[in-house]
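Trainee: Under this note's numbering, the residue at position 304 of the sequence shown is numbered 305, and the numbers go up by one with no gaps. Heads up, the beta-carbon is just placed ideally off N, CA and C, and yes, glycines get one too. Structure provided below as structure tokens; questions to follow.
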Amino acid sequence: MTSDVLHRALNGHDRRLLSITAVVSMTEFEHALEEPAYDLIVTEVKLGWGDIRQLLAQIKQTWPNCPVLLYTAVTTAAPIAACFKLGATDYLRKPQPDKLVRAVKQTLDAPVAHPKAQFEALHELFEMAISLSGTFEPAVLMQKLFTHIDRLFAPNTFIAVFYDPLSDTQDQTDGETEGEVEIALALVNGQPIETLPVGLRLPLAQAGITGWLIRHQQPILIQDMATTPPPVPIRPVITQSPRTWLGTPLLVGQRVVGAISVQSFTPGAFSDSDRQLIETLATFVALAVDNAILFQREARRRLGAEALVSLATTIIQDNDLSTILTHIIQAVVKFMPDISNCRISLLDEEMTTLTLLQSWTRPDETETDAQRHAPLITSKEFPLAQASIAQRAIATRQPVVVPDLRQEQSLTEHTQEAAARGLRSMLYVPMQNHGRVLGILHINVNHRTRRFSEHEINLCQSIANYGLVALQNARLRQGEQTQLNLNHTLREVGSLLTSEYALDEVYERIFDLLAKVIQYDMVTIQLYDREQKGLFLAAVRGFDDTALVGDVVSTLGFDYVRQIMESGQPYRMIADTQLAEDWVDVPGFTAIRSTINCLLRIKDRVIGILNVDNWEPNAYTEESARIVLAFANQAAIALENARLYDELQQRINELSIINQVTMVSTKALYLDELLTQTTAVLSAQRFPAYVGFYLLDEVDRYYIPHPSFHTAENFPAPTRIPIQSDHPLAVAGRQHQIQIHDPQPDLQNLLSTQVSLPLLIENKALGLMTIGLVNDGHHLTDNDRYFLQTLVAQLSTAVQRTNLYEDAQFYAAQLADKVYQRTAELQAEKDRTQTILDTAGEGIFFIDPNGKILYANNAITTQSGYLVNELIGQSLYTFYQHPQTAATLATLRKHIETRQEWRGEIDNLHRDGSLYTVSVNMTPLADSLSQHTGFVIVQADISHLKEVERLKSDFVSNVSHELRTPLTNIKTYLTLLRRGKPEKAPRYLNVLDHETERLARLIQDLLDLSRLDTESTVMALQPTPLTAVVEEILPLLIAQAEAKEQTFTWEAPPTTLTTLADMIHLPQSIHRLALNAIAYTPQGGHITLSAGQEESTDQVYFRIRDNGLGLSEEDRQHLFERFFRGTAAHQTREPGTGLGLAISQEIVNRHQGHITADNNPDQGATFTIWLPAHPA
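Below, the structure is given as structure tokens:
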């Protein structure tokens, strides 16, 4: 830089300028330090950064208030920021001479800024340079930039854009630069401007002042836009118009990378120093934006490469067309996420039609929007002639880029309509293989223009070519799989030839197999009826109204067959019924959009037609039709074979029906049975909808429907028919011949045909049979008529036979009644016998000759404890298992083996281990042929008899003993009285009184016990307080205790407790228990009588507790047995009968109570009488 260039900046200024040009050492600078002051120091930096730091430090020390202007070729932000931090006032990077002169003038003319404000601005610039230098994400970069801009300028509006010159190599030195700007950030008062969203791209001509900044590559400051108009018109983007505008381009060298501008709603809000500041700031921002763009571009290149690698890896391993197409589109969308729509379509062999394979639309666009902004291909198949851009891509075999569809010329009408609906930018990439275009990759953008870079175009071309190869391979593999599937399916259809499926099952099986080779929504099989010379509906799937389909088939079906046969082709395929001239629109079938109609042939004979329908247009191709044709050829053979088999089965079924009716007629003895069973057979096996019989009434005026008449659900009930009417049934009866006629009026919507046949007996119609055929396309054949006539002839004979059997029926009924009565009697007798056996008190066994138990009644369970089902099948010798019965069992076994009667007694073990004794009576059994069949064993449990016998023996022994003792004493003392000394007579008389009283007491106890046993004593139970029960006996007990020097205590209950008591017998029971306690308690002992109620129960008690000798465990088991006297009685030699406790227990039992006996924990025993409580 020459010094004269610098001095031009001083023209008109009385200023001193120090110019340090190309400083290479500090020595050259030392001479300048001798000057006292400078107004501006301008230096070009070529030193190392260490020397620059020293140079700037020396300048600031020598001339602290002098501005310093640096200019250099350095382009990185960090060293430049260091210069400002060390004191540089301004900075220019590789300026042209004029630009340097302009910068010097502006620096000299600028007012001196406040040192503090200048320092803060420089500090903010330094912070911004550091912040932006490490940021490569454009969105983050713009947010950081706005933070610093807001601190430096506090604007109302901030706008930043990136510039795309449309070519990476385009020269921008002239003023006619073209290209697009992309909104990087647009804010008003810190909030996004809705009309300038981030990413919006605008042609430079539409960018207003921002475009002017980029075109002219210089900053602009408009202090008041109300008085100073902008250099170019601007369009309002916010409601309030800015008054002050400050902006600058972002330059990297001479290359524009964008622009930034700030606006204020206040006039004069920005000064020239702000302009210098934003121009300086733009230097750092341009570097950061350029680095971010380069980083983003490189990232996109890496992303594209990764997408290609991922796509190639994925699709080469996949055989599914849909999956491959999805991966192709995902690769495009991943690389260009801002596009609106991506589609893949293939050319047909004639290269006249594009077939859409897959489509993607941005998720944030609703279906309506997607349709409204639809790209060119809007249906599955589309004529290439209407797609001008696709034609261009196919013709040139190069990608076609349309940045703005509205600027294109020579568009087809369809393309123009798409542009009017919002389609703006397009990239159509041909999918090629070996130079041949086979399809198109469509990329569309709605509502905005978009540039596609060369890298994006190349990547999409690579994706398209990779995808095409994968699609072709997948199609080949899919075609092979389709052919294999078709071959396998055809083999399965062929297997139907040897199957025994019914015809309806064959239809369903064919439909299932057809679904394996082609997708359909409705399918019909229509067969040719040779007798009716037309088609009828044999089977349908996918349509609910079968009757409607049947009507259409019978009306139009044969016309379709004739058209196909006349065309010379075995099938007809209609891709879109709405566009086909020979398609007949039928109400109810408008949903059919695609159809394939294949003739069903057996050699050269057409037996019907197979129709395959789809609700979607263009669902089928010629390849689809050929698949269906191959299927139809195989299915025709299977159908014919099934039809023949069905006819054979029908003949067999008819013969079976005739056979069943024959069997019914031979077994039926009366007419109702014959007609009812015949109707059941016919309705179940041949005529499920409508079949039955009419019979003449008694006066031959009407045909009356028989009660067995069968009709399907919702059918009207049959009514009587006058025999002289014109009704077809009456005509059949009069003419004595079959009548095939239309259904009667109330059946016309339910039946297609009605057949009436007379039942003739001796040339007189005694009744009619009528059947109805439903609307299933089946017609009455000659075979059907022959079958019906044969059936009616047989039935007529059967009806005549029933008339001959009427008398026999009467006698047979009488005989049946007698048989029934006798059977009932036998059954009753059997039931009585069974009841006797089940309820018998004796146990009864039936055993076989080997001793195995065949039957046991319930009494056996009662006796042994074993359940009946546990005994059945067991050996009798196992049942009788007591060891002591071995000898008896040996005798029993011998009698069983010799088939002899036996009687005896056997001791056996109960299931619980106890012993019981039975009396056994075994008697042999024989059948009507005197063959031995086993034995009946009756066993009675005599355990209680044995016990009674033992008690009787004990009783006799005890009574004998008890009577012998007092009688012996009486006899002795009577002898002494007669022979003894007279002075001893009084003592002898006392002994005689005592023994007599003892004898009387014994006899009284025996009488009391006897009365209680025979229940001749009636208890007079009355509600009685517990205290009243013991009132009379208490003084006696106390006196008897005191006589033995014992204490007797009565503990009354705290509240009034009541029970039902007999006031004669209950006190007697308590008295006996208390006397026992007194008797077996030693002298000085204590007896307590208490009464009360057990807590939380409904039982009251009387309790006698003593501290006497207590009870042994053996005694407790026999306490209440008659004449039993325990260990204590024998030890104390206390006199007694052994009946007191037995009498007490019997009395308490008659009061619905019981007695318990327990030892006390310390000493003595406690007897408790438990009685039911009674409300007081």
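#1: By DSSP, does lysine 972 sit in helix, in strand, or in coil?
#2: Taking all protein chains shown into account, decide if arginine 216 is buried (16 or more other Cβ within 10 angstroms of its Cβ) or exposed.
#3: Nearest to proline 1054 by CA position, among His1072, Leu1038, Val1030 and Leu1037, is which residue?
#4: Between Asn859, Asp1099, Arg1106 and Pro1173, which lies nearest to alanine 1080 when the distance is taken from Cα to Cα?
#5: For a quick check, are the C-beta atoms of glutamate 183 and methionine 337 less than 8 Å apart?
#6: Taking Cβ to Cβ, would you say leucine 1076 is nearer than 8 Å to tryptophan 1051?
#7: Let me know the secondary structure DSSP gives alanine 891 once reduced to three states.
#8: Among Pro588, Ser595 and Gln570, which has the Cα closest to the Cα of alanine 581?
#9: Give the list of continuous beta strand (DSSP E) stretches no shorter than 3 residues that lie fully inside the stretch 754-810.
#10: Tell me the DSSP bridge mates of asparagine 909?
#11: To which residues does DSSP link lysine 853 through a beta bridge?
#12: Taking phenylalanine 1124 as the reference, give the member of Ile1144, Gln795 and Thr966 with the closest Cα.
#13: What do you get for proline 243, buried or exposed, if any count of 16 or more other CB atoms within 10 angstroms of its CB means buried?
#14: Please check the pair proline 1026 and leucine 1061, which I expect to be a contact at CB under 8 Å, by giving their CB distance rounded to whole angstroms.
#15: How is alanine 814 classed by DSSP in three states: helix, strand or coil?
#16: I'd like the ranges of any alpha helix (DSSP H) spanning at least 4 consecutive residues and lying wholly in the stretch 553-602.
#17: Could you work out which residue in Leu946, Phe159, Glu623 and Gln635 is closest to isoleucine 603 when comparing CA atoms only?
#18: Assign aspartate 339 to one of two classes, buried (16 or more other C-beta atoms within 10 Å of its C-beta) or exposed (fewer than that).
#19: Taking the alpha-carbon positions, what's the arginine 951 to histidine 1119 distance?
#20: With DSSP as the reference, label leucine 472 as helix, strand or coil.
#21: Between the Cα of phenylalanine 1121 and those of Leu1142, Glu307 and Thr1169, spot the shortest distance and give me the residue it belongs to.
#22: Would you check if the distance between the CB atom of asparagine 1108 and the CB atom of glycine 1165 is smaller than 8 Å?
#23: Does DSSP put glutamine 740 in a helix, a strand or coil?
#24: In chain order, which alpha helix (DSSP H) runs of at least 4 residues are fully inside the stretch 142-218?
#25: Does the Cβ-Cβ distance between valine 662 and glutamine 795 come in under 8 Å?
#26: Near aspartate 405, what residues of its chain come up, given a Cβ to Cβ distance below 7 Å and the 5 sequence neighbours on each side ignored?
#27: Leucine 153 to phenylalanine 159, Cα distance in whole Å?
#28: Using 8 Å for Cβ pairs, my map puts arginine 1117 next to alanine 1174. What's the rounded Cβ distance?
#29: CB isoleucine 194 to CB valine 238, shorter than 8 Å?
#30: Measure the CB-CB distance between valine 949 and asparagine 922 and report whether it falls below 8 Å.
#31: Quick one: which unbroken beta strand (DSSP E) runs of 3-plus residues sit fully inside the stretch 402-464? Chain order, please.
#32: By Cβ distance, which residues of its chain are closer than 6 Å to leucine 428, with the 5 residues on each side in sequence left out?
#33: Under the rule that 16 or more other beta-carbon atoms within 10 Å means buried, what is proline 729, buried or exposed?
#34: Please name the residue, chosen from Ser757, Ala718, Ala300 and Thr245, that lies closest to histidine 742 on a Cα-to-Cα basis.
#35: Between which two residues does the beta strand (DSSP E) carrying tyrosine 1193 extend?
#36: Based on the DSSP secondary-structure assignment, which residues constitute the bridge partners of histidine 933?
Mentor: The short version:
#1: Taking the sequence shown and counting its residues from 1, one reaches residue 972 at position 971. Note: lysine 972 maps to helix in three-state DSSP.
#2: The residue given as residue 216 occupies position 215 in the sequence shown. Buried, since its Cβ has 16 or more Cβ neighbours within 10 Å.
#3: The count along the sequence shown starts at 1 and reaches residue 1054 at position 1053. The shortest C-alpha separation from proline 1054 is found at Val1030.
#4: As a first step, residue 1080 is located in the sequence shown; it is residue number 1079 there, counting from the start. Among Asn859, Asp1099, Arg1106 and Pro1173, the Cα nearest to that of alanine 1080 belongs to Arg1106.
#5: Working through the sequence shown from its first residue, we reach residue 183 at position 182. Working through the sequence shown from its first residue, we reach residue 337 at position 336. For glutamate 183 and methionine 337, no; Cβs fall outside 8 Å.
#6: As a working mapping, residue 1076 is identified with position 1075 in the sequence shown. As a working mapping, residue 1051 is identified with position 1050 in the sequence shown. For leucine 1076 and tryptophan 1051, no; Cβs fall outside 8 Å.
#7: What you label residue 891 is simply residue 890 of the sequence shown in a count that begins at 1. DSSP places alanine 891 in helix when its eight states are reduced to three.
#8: What you label residue 581 is simply residue 580 of the sequence shown in a count that begins at 1. Cα-wise, what sits closest to alanine 581 is Ser595.
#9: 765-775
#10: Here the question's residue 909 lines up with position 908 in the sequence shown. BP columns for asparagine 909 point to Tyr917.
#11: Indexing the sequence shown from 1 puts residue 853 at position 852. Ser876, per the DSSP bridge assignment.
#12: Position 1123 of the sequence shown, counted from the first residue, corresponds to residue 1124. Cα-wise, what sits closest to phenylalanine 1124 is Ile1144.
#13: For the purposes of this step, residue 243 is taken as residue 242 along the sequence shown, with counting starting at 1. Proline 243 should be labelled buried.
#14: Taking the first residue of the sequence shown as position 1, residue 1026 is located at position 1025. Taking the first residue of the sequence shown as position 1, residue 1061 is located at position 1060. Proline 1026 to leucine 1061, Cβ: 12 Å. No contact.
#15: Against the sequence shown, residue 814 aligns to sequence position 813. Reduced to three states, the DSSP call for alanine 814 is helix.
#16: 559-568
#17: Locating residue 603 in the sequence shown gives position 602, counting from the first residue. The residue with the shortest Cα to Cα distance from isoleucine 603 is Gln635.
#18: The sequence position of residue 339 within the sequence shown is 338, counting from 1. With fewer than 16 Cβ atoms within 10 Å of its Cβ, aspartate 339 is classed as exposed.
#19: Along the sequence shown, read from residue 1 onward, the residue named residue 951 stands at position 950. Along the sequence shown, read from residue 1 onward, the residue named residue 1119 stands at position 1118. The straight-line gap from Cα to Cα measures roughly 14 Å.
#20: Position 471 of the sequence shown, counted from the start, is the residue given in the question as residue 472. Here leucine 472 sits in helix by DSSP.
#21: Position 1120 of the sequence shown holds residue 1121. Selected option, being the one with the closest Cα: Leu1142.
#22: Residue mapping note: residue 1108 aligns to position 1107 of the sequence shown, counting from 1. Residue mapping note: residue 1165 aligns to position 1164 of the sequence shown, counting from 1. Yes, the pair counts as a contact, with Cβ atoms nearer than the cut-off.
#23: On the sequence shown, residue 740 is found 739 positions in, with the first residue counted as 1. Strand.
#24: 209-217
#25: Position 661 of the sequence shown, counted from the start, is the residue given in the question as residue 662. Position 794 of the sequence shown, counted from the start, is the residue given in the question as residue 795. It is a contact, given that the beta carbons lie within the stated cut-off.
#26: Position 404 of the sequence shown, counted from the first residue, corresponds to residue 405. Arg425, Ser426 and Thr450.
#27: Reading the sequence shown from its first residue, position 152 is the one you call residue 153. Reading the sequence shown from its first residue, position 158 is the one you call residue 159. Roughly 12 Å separates the two Cα atoms.
#28: As a first step, residue 1117 must be located in the sequence shown, where it is residue number 1116. As a first step, residue 1174 must be located in the sequence shown, where it is residue number 1173. Not really, about 27 Å apart at Cβ, beyond 8 Å.
#29: In the sequence shown, residue 194 corresponds to position 193, counting from 1. In the sequence shown, residue 238 corresponds to position 237, counting from 1. A contact, by the Cβ cut-off of 8 Å.
#30: Sequence index remark: in the sequence shown, residue 949 carries index 948 (1-based). Sequence index remark: in the sequence shown, residue 922 carries index 921 (1-based). Their beta carbons are not under 8 Å apart, which means valine 949 does not touch asparagine 922 by this criterion.
#31: 424-434 and 437-447
#32: Along the sequence shown, one-based indexing puts residue 428 at 427. Excluding sequence neighbours, leucine 428 sits near Val402, Ile444 and Phe453.
#33: By one-based count along the sequence shown, residue 729 stands at place 728. Buried is the call here.
#34: Locating residue 742 in the sequence shown gives position 741, where the first residue counts as 1. Of Ser757, Ala718, Ala300 and Thr245, the residue nearest in Cα terms is Ser757.
#35: The displayed coordinates of the chain run from 2 to 1177. Any statement about residue 1193 would go beyond what the structure contains.
#36: Indexing the sequence shown from 1 puts residue 933 at position 932. Bridge partners of histidine 933: Ala927.
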